[in-house]
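Position 141 of the sequence shown, counting from 1, maps to 141 under full-length UniProt numbering, and the rest follow consecutively.
These notes are about the structure you will find just below.
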Amino acid sequence: MKLFTTKQIAELDKYTIENEPVSDIDLMERASLQITGWLANRFSTENKMVFFAGPGNNGGDALAIARQMADLDYMCEVVLMNFGKELKGSPAMNWQRLEKQGKVKLSSLTGMNDFPEIGSTDVIIDGLFGSGLTRPLEGLPAEIVREINTIRVTNKNTVVAIDIPSGLMGENNTGNIPENIIRADFTLTFQFPKISFFFAENEKFVGNWEVLPIRLHPEGIAQTSTGFYLTEKEDVQQIIQKRLRFGHKGTYGHALLIAGSYGKMGAAVLASKACLRAGAGLLTTHVPHLGYPIIQTAVPEAMASVDQHDSYITEFPGLAQFSAVGVGPGIDRKSNTKKALAELLEKVKSPLVIDADALNILAEDQLLLDKLPQNCILTPHPGEFKRLAGDTENSWLRIQRQIEFSKKYKVIVVLKGAFTTVSTPSGMLFFNSTGNPGMATAGSGDVLTGIILGLLAQDYSPENAAIAGVYLHGLAGDLAVLQKSEFSMIAGDIIDFLGRAFLHLKPGAK
């Protein structure tokens with residue numbers, strides 16, 4: 001799915017109005033009906049709805065929803081924020097419709113003395129400011145937001161934000177004032193999620209978000225270019241290759257995994273198993289001498305290549321026979337290991353995925369970054385990326401840094417997190433839509449490296465291997481959590497459910 005900036009979404013609204021064609025007030029009505037349906041399905045008529053409406057289109061939505069909810073026999077109150085701006089256009093028309101309907105209590109809020117009483121079972125609907133906001137809230141709007149947030153905590157009211165929590169910007173919130181942003185339990189957004197919804201620091205404002213369709217014009221969507229995408233099931237279904245009836249193990253590639261050291265052989269085992277479960281035809285795992293009996297016993301399907309050193313990696317086998325190479329899980333950071341990695345970067349011709357300790361070696365000697373093969377895949381967690389590329393103030397700036405890093409070094413970066421992001425040398429960035437908190441467990445990253453390596457071995461392009469690998473990793477975790485729980489899941493569970501993840505991607509599967 002394409003993702004757009006708030007400015008682009010406003011242009012898509014305009015395109016829809018002009019080319020469907022549909023009037024602005026009718027498009028607002030269409031969008032409002034989606035939220036009305038959602039509210040009616042979740043709350044009973046015993047819940048009073050208190051709408052806080054601003055002077056713009058977000059407030060216009062709130063006014064329309066209040067009228068629609070009143071027609072469904074909900075008790076509704078509208079509090080119109082008044083700080084000198086006159087209602088115009090569609091918001092003004094919706095105010096007139098409310099007055100004509102006569103079912104909703106209407107009041108104006110010109111100062112905090114006008115703030116209404118909120119009952120403990122009331123549902124607060126935030127329609128103060130939408131995605132067009134360009135600067136932090138201050139003055140009366142900020143006071144209203146702070147009071148709503150206080151009441152939410154004190155009375156335990158449910159707060160539902162229309163399109164975006166008031167005070168939150170759709171992309172860059174650098175310099176924003178957290179206490180002046182609505183803290184919603186639910187955010188109901190139109191057509192596309194806002195990019196800021198994917199950032200950890202904004203979860204406390206956005207709560208649980210849902211995307212409601214409002215039928216923006218498909219031609220406008222198709223014609224609007226973007227650098228941001230959300231990876232969904234249908235996207236990955238188009239990537240996954242069909243297995244050939246007459247294929248054999250050689251058809252599906254020979255992967256080389258360089259992994260493990262004293263005390264960290266579990267990383268090698270997990271990555272090896274994941275690589276094979278992802279479909280690689282053959283796997284050779286290069287391990288220190290002490291790892292030989294471990295890898296042969298734990299992963300009998302893999303072949304073992306044994307390093308001359310007993311405890312850590314100092315070399316790698318000849319590369320000509322391998323269709324893809326993975327390096328990093330559990331290899332430690334000994335000086336001879338660093339030399340081996342530097343040599344590998346110079347000699348490898350096959351697609352390469354780099355993880356864990358190999359990333360830490362790159363961070364310690366950043367001259368090695370200039371040796372990275374084009375289109376190789378780096379899979380850092382936020383701490384590793386910080387060491388590689390430097391610190392940033394927030395998630396928006398971090399993904400900008402991620403994109404810059406990919407473009408500068410011509411590599412693919414898989415930045416792991418709740419919505420793992422994949423950036424490409426061309427400057428595109430893909431947010432992943434699968435995964436859950438149960439996957440925040442030791443070895444989960446090693447499993448991801450193995451999955452990506454397995455796909456690379458089968459001749460998936462590096463970009464597709466990264467995008468599909470991340471999605472499958474999260475999907476396997478989502479399937480595992482249904483049986484294991486977020487508290488009890490371990491990395492091996494992700495591997496165990498990887499087969500079901502592939503089945504889930506078959507046409508017709510739910």
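A virtual CB, placed ideally from N, CA and C, is assigned to each residue, including glycine.
- Remark: C-beta atoms of residue 331 and residue 261 approach each other more closely than 8 Å.
- Residue environment: residue 177 is assigned as exposed (fewer than 16 neighbouring CB atoms within 10 Å of its CB, all protein chains considered).
- Within the DSSP bridge table, the entry for residue 432 names 231 as partners.
- The criterion of a C-beta distance shorter than 8 Å is not satisfied by residue 62 and residue 76.
- In the DSSP annotation of this structure, residue 77 is not part of any alpha helix (DSSP H); the continuous beta strand (DSSP E) holding it starts and ends at 76-81.
- Taking a C-beta distance under 8 Å as the contact criterion, residue 401 and residue 390 qualify as a contact pair.
- Apart from the 5 residues on each side of it in sequence, residue 274 sits with its Cβ closer than 6 Å to the Cβ of 447, 450, 451 and 495 in its chain, given in chain order.
- Residue 339 counts as exposed, since fewer than 16 other beta carbons sit within 10 angstroms of its beta carbon.
- Counting only unbroken stretches of 3 or more residues, the beta strand (DSSP E) elements lying wholly within the segment 327-378 are 352-354, in sequence order.
- If you look at residue 31, you'll find it in the alpha helix (DSSP H) that goes 24-42.
- Inclusion of residue 465 and residue 472 in the CB contact set at 8 Å is not warranted, their separation being larger than that value.
- Within its own chain, the residues whose Cβ lies closer than 6 Å to the Cβ of residue 484, once the five positions on either side in sequence are excluded, are 493, listed in chain order.
- In terms of Cβ geometry, residue 439 and residue 477 form a close pair [threshold 8 Å].
- Under the DSSP assignment, residue 126 falls in the beta strand (DSSP E) whose first and last residues are 123-127.
- In the three-state reduction of the DSSP assignment, residue 309 falls in the coil class, being assigned neither a helical nor a strand state.
- Taking residue 393 as the centre and dropping the five residues before and after it, the same chain places the C-beta of 174 closer than 8 Å to its C-beta, in chain order.
- When secondary structure is reduced to three states using DSSP, residue 14 falls in the helix class.
- Within the segment 173-211, the runs of beta strand (DSSP E) at least 3 residues long that lie entirely inside it are, in chain order, 186-190.
- In the DSSP assignment, residue 284 falls within the unbroken beta strand (DSSP E) covering 282-287.
- Under a 10 Å Cβ-count criterion, residue 307 is classified as buried, with 16 or more other Cβ atoms of the shown protein chains found around its own Cβ.
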